[in-house]
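Novice: To get the working numbering, take the position in the sequence shown, counting from 1, and add 27.
All residues carry an ideal CB built from backbone N, CA and C; glycine is no exception.
After the structure tokens below, expect a handful of questions from me.
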Amino acid sequence: LTLTRAKYEEISSHLVDRTKGPVRQALQDAGLSASEIDKVILVGGSTRIPAVQEAIKKETGKEAHKGVNPDEVVALGAAIQGGVITGDVKDVVLLDVTPLSLGIETMGGVFTKLIDRNTTIPTSKSQVFSTAADNQTAVDIHVLQGERPMSADNKTLGRFQLTDIPPAPRGVPQIEVSFDIDKNGIVNVRAKDLGTGKEQNITIKSSSGLSDDEIERMVKEAEENADADAKKKEEIEVRNEADQLVFQTEKTLKDLEGKVDEEQVKKANDAKDALQAAIEKNEFEEIKAKKDELQTIVQELSMKLYEEAAKQQQAQGDANAEGKADDNVVDAEYEEVNDDQNKK
28 LTLTRAKYEE
38 ISSHLVDRTK
48 GPVRQALQDA
58 GLSASEIDKV
68 ILVGGSTRIP
78 AVQEAIKKET
88 GKEAHKGVNP
98 DEVVALGAAI
108 QGGVITGDVK
118 DVVLLDVTPL
128 SLGIETMGGV
138 FTKLIDRNTT
148 IPTSKSQVFS
158 TAADNQTAVD
168 IHVLQGERPM
178 SADNKTLGRF
188 QLTDIPPAPR
198 GVPQIEVSFD
208 IDKNGIVNVR
218 AKDLGTGKEQ
228 NITIKSSSGL
238 SDDEIERMVK
248 EAEENADADA
258 KKKEEIEVRN
268 EADQLVFQTE
278 KTLKDLEGKV
288 DEEQVKKAND
298 AKDALQAAIE
308 KNEFEEIKAK
318 KDELQTIVQE
328 LSMKLYEEAA
338 KQQQAQGDAN
348 AEGKADDNVV
358 DAEYEEVNDD
368 QNKK
């Protein structure tokens, strides 16, 4: 059997094309353009194939570095890693990274990332969240790994619950969620109620238990579904914003009770009810339109609230100034002297 180079490149072209994806992803993750790369190092015997070298050259604009033996470099790296672990090698620092993003599920099933993919470990990150409902006394912490914006499309790593949160209006409790990853890739997730100091945590030891193929598949799925995922996430976020606006409107109306006329109150309530109805019907375009209408009305009401506060401050300032002016007046006795009488 005789296999020409042209035929070989023809039947392996789809495999060569697959090498371009990881290169582009690496540049994107690093926040770099191809022109910012100093050197391209190819690893593995298959990178000797001219078609592979040519494909990478087209992607980066640079020739492959010839200073390493692609057949030996992986074995040498493994040997160095072994030396570092055993303590025999002390002058080399090896940095590992998180293969996929880590985060939690938030309102509406959204995956909120706390630690991004390819973050150097060890690392830690904290973010403050709050409750989604009035008088909520517990929160579920759903820990996930992946690149998709919706929780259902990512891998669950664990769940735990923070309880005994004092009843309060939504948005008031402050729940700090912290992720801590040690050098061995073990993830510790902690949720703490900043008001009471009560906390709960979970330790995840298999966060990096995915194979390279599984990681590649998850990253590829995120790329292929980017547009659809972005649309789905936008719909969820608009719905969450609308729900928050309904709550904010009710609070603003309560604060302005007796300070604005009934016509304005009715206008705000009607717009609020219309938005609530759109949310219940789950009509995205209608939710957006009604949300914008209510937002304008709430802004007008908020201006009224600020104007009332400013008037009260002005009145208080005038009263204080008048009081200070009175304080400067000193009562005193006096005696009238007639100079003419004194001359006699």
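What is the C-beta distance between H92 and V67, in whole angstroms, given that I count them as a contact (C-beta under 8 Å)?
Specialist: Translated into the one-based positions of the sequence shown, residue 92 becomes position 65. Translated into the one-based positions of the sequence shown, residue 67 becomes position 40. Contact flag correct, Cβ pair sits at about 6 Å.
Novice: Could you give the C-beta distance for L332 and K299, rounded to a whole number, given that I count them as a contact under 8 Å?
Specialist: For the purposes of this step, residue 332 is taken as the residue at position 305 of the sequence shown. For the purposes of this step, residue 299 is taken as the residue at position 272 of the sequence shown. Not a contact, Cβ separation roughly 16 Å.
Novice: Report back the beta-carbon spacing between I131 and T164 to the nearest angstrom; my notes put them in contact at under 8 Å.
Specialist: For the purposes of this step, residue 131 is taken as residue 104 along the sequence shown, with counting starting at 1. For the purposes of this step, residue 164 is taken as residue 137 along the sequence shown, with counting starting at 1. The Cβ separation is near 19 Å, so there is no contact.
Novice: Indicate the three-state DSSP secondary structure (helix, strand or coil) for D123 in the structure shown.
Specialist: As a first step, residue 123 must be located in the sequence shown, where it is residue number 96. Reduced to three states, the DSSP call for D123 is strand.
Novice: Could you give the DSSP three-state label for D220: helix, strand or coil?
Specialist: Within the sequence shown, numbered from 1, the residue matching residue 220 stands at position 193. Residue state, collapsed to three classes: strand.
Novice: What do you reckon, are the CB atoms on T147 and V124 nearer than 7 Å?
Specialist: Along the sequence shown, one-based indexing puts residue 147 at 120. Along the sequence shown, one-based indexing puts residue 124 at 97. Yes, the pair counts as a contact, with Cβ atoms nearer than the cut-off.
Novice: In whole angstroms, what separates the C-alpha of E261 from that of V137?
Specialist: Numbered from 1 along the sequence shown, position 234 holds the residue referred to as residue 261. Numbered from 1 along the sequence shown, position 110 holds the residue referred to as residue 137. So the two alpha carbons sit approximately 10 Å from each other.
Novice: Under the assumption that L280 contacts A295 (Cβ atoms under 8 Å), give the Cβ distance between them as a whole number of angstroms.
Specialist: The residue you call residue 280 lines up with position 253 of the sequence shown. The residue you call residue 295 lines up with position 268 of the sequence shown. With 8 Å as the limit, L280 and A295 qualify as a contact, their Cβ atoms being about 6 Å apart.
Novice: Checking 7 Å against the spacing of the C-beta atoms, do N267 and M134 come in under that value?
Specialist: Along the sequence shown, one-based indexing puts residue 267 at 240. Along the sequence shown, one-based indexing puts residue 134 at 107. Yes, the Cβ-Cβ distance between N267 and M134 is below 7 Å.
Novice: When you compare only the Cα positions, how much space is there between V170 and Q188?
Specialist: To locate residue 170, count along the sequence shown from 1; it is residue 143. To locate residue 188, count along the sequence shown from 1; it is residue 161. Roughly 11 Å between the two C-alpha positions.
Novice: Beta-carbon separation of G185 and I229 under 7 Å?
Specialist: To locate residue 185, count along the sequence shown from 1; it is residue 158. To locate residue 229, count along the sequence shown from 1; it is residue 202. Taking 7 Å as the Cβ cut-off, G185 and I229 qualify as a contacting pair.
Novice: Which value, in whole angstroms, describes the spacing of the CA atoms of S39 and V119?
Specialist: Locating residue 39 in the sequence shown gives position 12, where the first residue counts as 1. Locating residue 119 in the sequence shown gives position 92, where the first residue counts as 1. Each residue's alpha carbon lies about 38 Å from the other.
Novice: Between the alpha carbons of E335 and L59, how many angstroms are there, rounded?
Specialist: Counted from its first residue, the sequence shown places residue 335 at position 308. Counted from its first residue, the sequence shown places residue 59 at position 32. Cα to Cα, E335 sits roughly 52 Å from L59.
Novice: Do the stretch 242-261 and the stretch 210-230 meet, that is, are 3 or more Cβ pairs less than 8 Å apart?
Specialist: The stretch 242-261 vs the stretch 210-230: no contact.
Novice: Would you kindly check if the distance between the Cβ of V199 and the Cβ of F206 is under 7 Å?
Specialist: Within the sequence shown, residue 206 is the residue found at index 179, counting from 1. Within the sequence shown, residue 199 is the residue found at index 172, counting from 1. The answer is no: Cβ separation not under 7 Å.
Novice: What does the Cβ neighbour count give for D297, buried or exposed, with the cut at 16 atoms within 10 Å?
Specialist: By one-based count along the sequence shown, residue 297 stands at place 270. The residue is exposed, with fewer than 16 neighbouring Cβ atoms inside 10 Å.
Novice: Restricting to Cα atoms, I'd like to know which of L54, V70 and G71 is closest to I64.
Specialist: The count along the sequence shown starts at 1 and reaches residue 64 at position 37. Among L54, V70 and G71, the Cα nearest to that of I64 belongs to L54.
Novice: Which residue or residues does DSSP assign as beta-bridge partners of K294?
Specialist: Along the sequence shown, read from residue 1 onward, the residue named residue 294 stands at position 267. Answer by DSSP bridge pairing: none, since K294 is not bridged.
Novice: What are the start and end residues of each continuous alpha helix (DSSP H) run of 4 or more residues lying completely inside the stretch 77-135, in chain order?
Specialist: If we require 4 residues or more, the alpha helix (DSSP H) runs fully inside the stretch 77-135 come out as 77-87 and 100-113.
Novice: Where L129 and E264 are concerned, what is the direct C-alpha to C-alpha distance, given to the nearest angstrom?
Specialist: On the sequence shown, residue 129 is found 102 positions in, with the first residue counted as 1. On the sequence shown, residue 264 is found 237 positions in, with the first residue counted as 1. Approximately 20 Å between the Cα atoms of the pair.
Novice: Please return the same chain residues whose Cβ sits closer than 6 Å to the Cβ of Q221, not counting the five positions on each side in sequence.
Specialist: Walking along the sequence shown from the start, residue 221 turns up at place 194. Reading the sequence as shown, one finds Leu at residue 221 and not Gln. Once the five neighbours on either side are set aside, the close Cβ partners of L221 are Q201 and E203.
Novice: Ordered along the chain, which non-local residues of its own chain (more than five positions away) have a Cβ less than 8 Å from that of I242?
Specialist: Taking the first residue of the sequence shown as 1, we reach residue 242 at position 215. Closer than 8 Å at Cβ, skipping near neighbours: P126 and L127.
Novice: Could you compute how far the alpha carbon of D56 sits from the alpha carbon of Q108?
Specialist: Along the sequence shown, one-based indexing puts residue 56 at 29. Along the sequence shown, one-based indexing puts residue 108 at 81. Their backbone Cα atoms lie some 24 Å apart in a straight line.
Novice: Would N309 be called buried (16 or more neighbouring beta carbons within 10 Å of its own) or exposed?
Specialist: By 1-based counting over the sequence shown, the position of residue 309 is 282. The residue in question, N309, is exposed, as its Cβ has fewer than 16 Cβ neighbours within 10 Å.
Novice: Determine, using beta carbons only, whether T87 and A61 come nearer to each other than 7 Å.
Specialist: For the purposes of this step, residue 87 is identified with residue 60 of the sequence shown, where counting begins at 1. For the purposes of this step, residue 61 is identified with residue 34 of the sequence shown, where counting begins at 1. In this structure, A61 lies closer than 7 Å to T87 by Cβ.
Novice: Less than 6 Å separating the Cβ of V137 from some heavy atom of the ligand COA?
Specialist: For the ligand COA, the structure offers nothing, since it holds no ligand at all.
Novice: Among Q341, L328 and E251, whose alpha-carbon lies nearest the alpha-carbon of V287?
Specialist: Reading the sequence shown from its first residue, position 260 is the one you call residue 287. For the residues Q341, L328 and E251, the minimum Cα distance to V287 belongs to L328.
Novice: Just the C-alpha distance for S238 and N145, rounded to the nearest angstrom, thanks.
Specialist: Here residue 238 is taken as the residue at index 211 of the sequence shown, counted from 1. Here residue 145 is taken as the residue at index 118 of the sequence shown, counted from 1. Roughly 16 Å separates the two Cα atoms.
Novice: Let's see if you can read the secondary structure: which residues bound the beta strand (DSSP E) around I229?
Specialist: Here residue 229 refers to the residue found at position 202 when the sequence shown is read from its first residue. Counting along the chain, the beta strand (DSSP E) containing I229 begins and ends at E226 to I231.
Novice: Applying the 10 Å Cβ sphere with the 16-neighbour rule, what's the burial state of V79?
Specialist: Start at 1 with the first residue of the sequence shown, and residue 79 comes out as number 52. Under this definition V79 is a buried residue.
Novice: Tell me which residues share the same chain as Q52 and place their Cβ nearer than 7 Å to its Cβ, disregarding the 5 neighbours each side in the sequence.
Specialist: One-based indexing of the sequence shown puts residue 52 at position 25. V246, listed in sequence order.
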